[in-house]
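Residue numbers (our numbering): 416 to 851.
Next comes the structure, spelled out in structure tokens:
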């Protein structure tokens, strides 16, 4: 492993390009004036004076240590002792912690009434637009609904996630192989299909032209409610989640390595034990406005907006991480760790291009951030403002002991929150084809 270059050498290398520039610019100036021979000695003296001011000397470095504070160093990262003072858990008192009571915290009476009003409004607009209706049109069976019908509709829709049947019509089938009496007792099939067809959260005439305008109000309501009733634990994670979608959509994603290749992408903030704290839907390049930290940095800051400055420890993968973002987190009293892509502009090439043998590690620190590369079965590049790099002994599932970087150990421990949330949701999947 190569030693880190001294700060003097770094400054000398940085000044080489400046020296070339000053030499070129000064020679051009002299040639244009037509007095190159007369002023050669004066220009050389000026260049030497200018360069002598740029190049550091030992006395300058010793008297002003902050001059080299922004240089990469082969020294242990200085980690601030962090005390997490927030009290995690529910912010409200609940007499009963039944699932229905938690459901009502998010799906309030106001939200149910709003959905009932908007369904009736959109049904009226749609029927009037197609007037006169065809003789066989099912729109003729439509009758305005109330909040009680809306509750029944949501109950039937969620229970379908527990009872797996091939198609929507089979839930009301009279065939003994599929007969489930509960659904037909609660609501007729045609009424359910019509409500599913007209389900709306906002009036189309007031929705605007943004891509998520029809559901952004619902998403903001759920995110705000979660922030108001629950305080997360210290260790959280940010990752992407995918939802199957085969319909037409301009921001639909195609992932060839997935079983469901067409999907909608979500950015999720989760606790390490799978509790989802905040969700943001990817809607194309306009998902977020331009930011100095880039789109990925802006996503992290948006999801962490209400948790900044409270000593939280978010774990993120190489899609989001960069030196600029990790440094910015220190200023916000937020401490992160994760993997790092090798092609980030601010990466130190001495680390990213280092050739290591299995088990070897190289690290550099700068302004409270440590970047390290560790050779396991393959190269692993990592970044953290929470750790001082150490190799620790861990035991795998087979009982084998091996050495692993402490940054990677904590990353694997706290990162899978989104994956666990997806695993739990998959057991109660109520996704169905849209009804048109």
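Just so it is clear, CB atoms sit at the ideal spot from N, CA and C, and this is done for glycine as well. This one's a predicted model, so the numbers in the text were calculated from it and none came from an experiment.
First through last residue of the beta strand (DSSP E) which encompasses residue 753: Numbered from its first residue, the chain shown carries residue 753 at position 338. Residues 752-754.
List in chain order: all unbroken alpha helix (DSSP H) runs of 4+ residues lying wholly within the stretch 539-606. 562-574, 596-601
Confirm, please, whether the CB-CB distance from residue 643 to residue 503 is below 8 Å. Position 88 of the chain shown, counted from the first residue, corresponds to residue 503. Position 228 of the chain shown, counted from the first residue, corresponds to residue 643. The answer is no: Cβ separation not under 8 Å.
Cβ-based neighbour list, residue 531, same chain, cut-off 8 Å, excluding 5 preceding and 5 following: Looking up residue 531 in the chain shown gives position 116. Once the five neighbours on either side are set aside, the close Cβ partners of residue 531 are 560, 561, 562, 564, 565.
For residue 878, which three-state DSSP category applies? In the structure as shown, the chain starts at 416 and stops at 851, and residue 878 therefore has no counterpart that could be examined.
For residue 790, which three-state DSSP category applies? The sequence position of residue 790 within the chain shown is 375, counting from 1. Three-state result, residue 790: strand.
Answer yes or no: the CB of residue 646 versus the heavy atoms of the ligand SAH, is any distance below 7 Å? Annotation note on the ligand SAH: not contained in the displayed structure, which lists no ligands.
Residue from 570, 626, 616, 594 with nearest C-alpha to residue 601: Within the chain shown, residue 601 is the residue found at index 186, counting from 1. That would be 570, whose Cα lies nearest to the Cα of residue 601.
Let me know if residue 675 comes out buried or exposed under the rule of 16 or more other beta-carbons within 10 Å of its beta-carbon. Position 260 of the chain shown, counting from 1, holds the residue named residue 675. By the 10 Å Cβ count, residue 675 comes out exposed.
Give every residue of the same chain whose Cβ lies closer than 6 Å to the Cβ of residue 807, excluding the five residues on either side of it in the sequence, and list them in chain order. Walking along the chain shown from the start, residue 807 turns up at place 392. The residues are 821.
Per DSSP, what are the beta-bridge partners of residue 683 in this structure? Here residue 683 refers to the residue found at position 268 when the chain shown is read from its first residue. In the DSSP output, where bridge partners are listed per residue, residue 683 has 654, 694.
Quick one: what does DSSP say residue 731 is sitting in, helix, strand or coil? For the purposes of this step, residue 731 is identified with residue 316 of the chain shown, where counting begins at 1. Three-state result, residue 731: strand.
Looking only at its own chain, which residues have a Cβ that is under 8 Å from the Cβ of residue 712, when we skip the five neighbours before and after it? One-based indexing of the chain shown puts residue 712 at position 297. So the qualifying residues of the chain are 706, 735, 737, 739, 740, 743.
Residue(s) in a DSSP beta bridge with residue 668: Reading the chain shown from its first residue, position 253 is the one you call residue 668. Per DSSP, 678.
Under three-state DSSP, which class holds residue 843? Mapped onto the chain shown, residue 843 falls at position 428. Reduced to three states, the DSSP call for residue 843 is coil.
Tell me, please, whether the stretch 621-641 touches the stretch 655-662 by the rule of three or more beta-carbon pairs shorter than 8 Å. no
Please classify residue 828: is it buried, with 16 or more other beta-carbons within 10 angstroms of its beta-carbon, or exposed? Your numbering for residue 828 matches position 413 in the chain shown. Its Cβ having fewer than 16 others within 10 Å, residue 828 is exposed.
If you follow the beta strand (DSSP E) that residue 488 is in, where does it begin and where does it stop? Taking the chain shown and counting its residues from 1, the one referred to as residue 488 is at position 73. Neither: residue 488 is in no beta strand (DSSP E) and is coded neither H nor E.
Per-residue burial, residue 586 [other beta carbons within 10 Å of its own, 16 or more giving buried]: As a working mapping, residue 586 is identified with position 171 in the chain shown. Classification of residue 586: buried, given that the 10 Å Cβ count is 16 or more.
From residue 513 to residue 485, what does the alpha carbon distance come to, in whole angstroms? On the chain shown, position 98 is the one that residue 513 refers to. On the chain shown, position 70 is the one that residue 485 refers to. The alpha-carbon atoms of residue 513 and residue 485 are separated by roughly 54 Å.
Below 8 Å between beta carbons: does that hold for residue 779 and residue 488? Translated into positions along the chain shown, residue 779 becomes position 364. Translated into positions along the chain shown, residue 488 becomes position 73. Yes, these two residues count as a Cβ contact at 8 Å.
If we count the other Cβ atoms within 10 Å of its Cβ and call it buried at 16 or more, is residue 615 buried or exposed? By one-based count along the chain shown, residue 615 stands at place 200. Classification for residue 615: buried.
Under a three-way DSSP split, which group does residue 440 fall into? Locating residue 440 in the chain shown gives position 25, counting from the first residue. Because residue 440 carries a pLDDT of 40, less than 50, the predicted location of this residue cannot be relied on, and the following value inherits that uncertainty. Of the three classes helix, strand and coil, the one that applies to residue 440 here is helix, per DSSP.
State the Cα-Cα distance for the pair residue 685 and residue 546, rounded to the nearest angstrom. Counting from 1 along the chain shown, the entry for residue 685 is found at position 270. Counting from 1 along the chain shown, the entry for residue 546 is found at position 131. Roughly 48 Å between the two C-alpha positions.
How big is the Cα-Cα spacing for residue 717 and residue 550? As a position in the chain shown, residue 717 is number 302, starting the count at 1. As a position in the chain shown, residue 550 is number 135, starting the count at 1. Answer to the nearest angstrom: the Cα atoms are 51 Å apart.
Can the beta-carbon of residue 653 be found less than 8 Å from the beta-carbon of residue 632? One-based indexing of the chain shown puts residue 653 at position 238. One-based indexing of the chain shown puts residue 632 at position 217. Taking 8 Å as the Cβ cut-off, residue 653 and residue 632 do not qualify as a contacting pair.
Which two residues bound the contiguous beta strand (DSSP E) that contains residue 810? Here the question's residue 810 lines up with position 395 in the chain shown. It spans 806-810 - the beta strand (DSSP E) in which residue 810 sits, taken as one unbroken run.
If you draw a straight line from the alpha carbon of residue 413 to that of residue 714, how long is it in whole angstroms? The question about residue 413 has no answer here: the residues shown for the chain are numbered 416 through 851.
Assuming residue 749 and residue 797 are in contact, meaning their beta carbons sit under 8 Å apart, how far apart are those beta carbons, in whole angstroms? What you label residue 749 is simply residue 334 of the chain shown in a count that begins at 1. What you label residue 797 is simply residue 382 of the chain shown in a count that begins at 1. That pair is no contact at about 18 Å.
May I ask you to report which of helix, strand or coil DSSP gives residue 646? Start at 1 with the first residue of the chain shown, and residue 646 comes out as number 231. Strand, per DSSP.
Through-space distance from residue 802 to residue 826, alpha-carbon basis: Numbered from its first residue, the chain shown carries residue 826 at position 411. Numbered from its first residue, the chain shown carries residue 802 at position 387. Roughly 11 Å separates the two Cα atoms.
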